[in-house]
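Okay, structure first, notes after.
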Amino acid sequence: MRTALFRMAPSGAVAVGAASQAPKISSKLPQRRKLSVAVIGAGAGGLTATRELLKEGHQVVVFEQDSYGVGGVWRYLPQTEAEDPLGISPDCTRIHSSMYLSLRTNLPREIMGFLDFPFLPKYGDECRDARRYPDHAEVLAYLQDYALHFNLLPYVRFGRRVTQVAPIHKPTVHPESLAHPLPSKSEFRLPHQWSVTSEAEAGRMTMTDIFDAVVICNGHYFQPKLPLIPGIEKWPGTQLHSHNYRVPQPFADQIVVVIGNSSSGSDISREIATVAKEVHLVGRTWDSGVDLKKPAGPSQNIFLHPMVKLAQANGELLFEGGDTVVANAILYCTGYAFSMPFLETVGVINVDSDFVGRLYQHIFPPQLAPTLSFVGLPFKVIPFPLMQLQSKWIAKALSGKVLLPSTEQMSEDVEEFYKNLEAKGIPKSKVHDLGSCQFEYDNWLADQCGCQAIEDWRIQIYINSSKRKRALPDSYRDEWTDQELHELAIADLNQLQIA
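Residues in the sequence shown are numbered consecutively from 58, following my numbering.
Below, the structure written as C-alpha cells:
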C-alpha cells in the first residue's frame, strides 16, 4: 500500500504519489502502549509534542537548554554573539535566539495558533499586543499561556543542553518493528531504546537518561547559513548574519547591503532604511513585475539588486548585471542550516545544512520509526497547526493507536520521493519546502489521526495575507480587505471548547 508523497513541485502544484492511503486508526490493540519519551526543545514544537504525548498516556521529559522558560525562537534576548557576528566559529558561545526587537508576525494571529487553542487578542491587558499581526512578545505570551493551561511546565527540565541522543539496540522476541506491533502488549518488546545525555552549567553537571522514544523539536532558526561570495575574505566592511541583528541604530548614516529578500530580509531592510543612508537589498530571484531599477521603501532609499558577484578589497561590491556599490556593512538574511550535532544514528539519518534525510513524511526515519521522530522541519508553512498535527500522529503511532506502514513500504516511498526530486531538478534545499502543498499535507496528517481537516477560512486567509504581503510590504500588517473573513474566523475560534 503506497502513501501520498508531499513535496515541492516545480510548477507549484501539489506532487503526490499513488492515491491509496496509509493505515489509519487501529482498533485491534486491546490496550495502548505507554512509553517513556524524551522531547528535545520547549519551543512551539516541543510544547505541542508534549501535550499530544501526554494525551496518549506517555511519560514525557522535555529537555530545554534555556533557563529562561518556554518559547524557543520566540524569546527575545538583547545579547548577540558580538565576538562572532557571522555565527560561524565552533568555539563561540551560542545565543539561541535569532529574534530582533521590532519583529511582528507575518501571519495573522487567527491562523497562527494551534488548532484547539486559539490565538485570540486579550483586550484590556496593557501588557499584551491585540493587533492582528502582533509582535514577538505576544507570541511568546501565547506559548506561555498554552504551557500553563495544559500544565506542561512540570515536564520540562530547564537549563539542560542535550549533547547526545543515541540508540541502544537490544534483542527482541519478534522481528517485527513498531510499525506493525504485536496485538498483545505483554508480548511486545521495543527493538531499541534511546540514551539522552544532557548537561548543565557548561558541562559541570552531566547526566544520561534512557527512553523508549525521542521526539526532536530543536528548531532550525539558530545556525546561520552564509552564501559563497568571491573575494569576501578581503572585503573590509562590517559583516553579520541576521541571527545577530537586534536594532537598526548601529547602521545609522551607513550604506548597507542586505543579502536575502525573503521575509526577514524584506522587513529588516525596511527598518534599517529608517536610519541608514542607503540600503541595497539583494535577492537570488525576484517576483515577476518587480522593477529592480525603481527605489523602494517609504524614503525611496532601498535599491534592489540581483546577487553579489564579487567583493573587493576597496570596499566595492559588484552585482550580477554590472552595478557596483561601495558599502559599509553587509547583513546576511540568508536563512539557517539544520543542525543536530547531538544526534547519533550510525548513518541512518543525514543531517545536512539544507535538509534532514531520509524521512517518511518529513517525520520518521523508516528504520527507526516511530521511536525517533522530528517535529517542525517543513518551512514556508503555517507552523503551529502543522506541528500539532505532526505531534498527534507521532503520539498515536507510539501508543499503537495508529499503525504506520512497514519499514519496507516507508523506505520505498522515501526513495521514490528523492528520485522524483532528482528527476525534476529540484534541489535538496527544497526537500522540506511545503509552501505549495502545506494544506494537503496538514489534511493528510489529520486524516491519519482521525482529526478534523483544516478550516476553509484558514486557507483563504493565508492566501489573502500572502498576496497582500507581496503587494504591500510596508502596510499589509495594518491594512487589509478581508475584514469579513477575519470576523468569521474570530467567531469560529470563540466557539471552540478548550479542553
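Glycine residues also receive a C-beta, built at the ideal position from the N, C-alpha and C atoms.
Closest option to K485, judged by alpha-carbon separation, among L361, G404, F395, K458: F395.
Sequence-distant partners of V332 (beyond 5 residues in either direction) whose C-beta falls short of 8 Å from its own C-beta, in its chain, are P305, Q306, F308, A309, D310.
With 16 or more other Cβ atoms inside 10 Å of its own Cβ, G317 counts as buried.
Excluding residues up to 5 positions away in sequence, D344 lie with their Cβ nearer than 7 Å to the Cβ of R527 in the same chain. The DSSP-derived three-state label of Q466 is helix. Looking at the DSSP output, N318 bridges to nothing. For W450, the enclosing alpha helix (DSSP H) starts and ends at 440-456. A contact is defined here as three or more CB-CB pairs under 8 Å, and the segment 389-405 meets this definition with respect to the segment 291-305. Taking a contact as a CB-CB distance under 8 Å, the pair D499 and F436 does not count as one, their CB atoms being some 14 Å apart.
Proximity of the segment 416-426 to the segment 334-353 falls short of the contact definition, fewer than three beta-carbon pairs being nearer than 8 Å. Non-local beta-carbon contacts of I312 in its own chain, meaning distances under 6 Å to residues more than five positions away in sequence, involve K334, E335, A384, N385 in chain order. Per the DSSP secondary-structure output, G414 pairs in a beta bridge with N407. Residue pairing of W251 in beta bridges, as defined by DSSP: P224, F268. Annotation for Y389: the continuous beta strand (DSSP E) segment containing it runs 386-389. Taking a contact to require three or more Cβ pairs closer than 8 Å, the segment 214-225 and the segment 254-271 qualify as touching. Closest option to L367, judged by alpha-carbon separation, among K291, L200, C184, K481: K291. Counted as a single uninterrupted DSSP element, the alpha helix (DSSP H) harbouring T105 occupies residues 101-112. DSSP places H337 within a strand segment (E or B) once states are collapsed to three.
Look at the segment 269-302 and you find these whole runs of beta strand (DSSP E), each 3 residues long or longer: 270-273, 295-298. Taking the Cα positions, L374 is about 49 Å away from I547. In the three-state scheme derived from DSSP, where H, G and I count as helix and E and B as strand, D504 is classed as helix.
Taking C-beta separations shorter than 6 Å and ignoring five residues to either side along the sequence, the partners of S522 in its chain run P165, following chain order. A contact is defined here as three or more CB-CB pairs under 8 Å, and the segment 533-543 meets this definition with respect to the segment 188-207. The beta-bridge partner set that DSSP reports for F207 is empty. The C-alpha of E256 lies about 11 Å from the C-alpha of E121. Judged by beta-carbon spacing, A556 lies beyond the 8 Å limit of E113, meaning their Cβ atoms are not closer than that value. Non-local C-beta neighbours of S356 in its own chain, meaning closer than 7 Å and more than five positions away in sequence, comprise A330, ordered along the chain. Assigned with DSSP and collapsed to three states, H153 falls in coil, not helix or strand. Relative to the Cα of E465, the nearest Cα in the group G98, N275, L416, G181 belongs to L416. DSSP places F308 in the helix class (H, G or I) of the three-state scheme. The straight-line gap separating the alpha-carbon atoms of F268 and S93 is approximately 5 Å. Boundaries of the alpha helix (DSSP H) around E167: 166-169.
For the set R327, T295, F174, the Cα lying nearest the Cα of Q554 is the one of F174. In the displayed model, S326 falls within a helix according to three-state DSSP. Its chain contains L104, V127, L210 as the residues whose beta carbon lies nearer than 6 Å to that of A204, once the 5 sequence neighbours on both sides are disregarded; these appear in chain order. In this chain, the beta strand (DSSP E) harbouring K366 covers 365-368.
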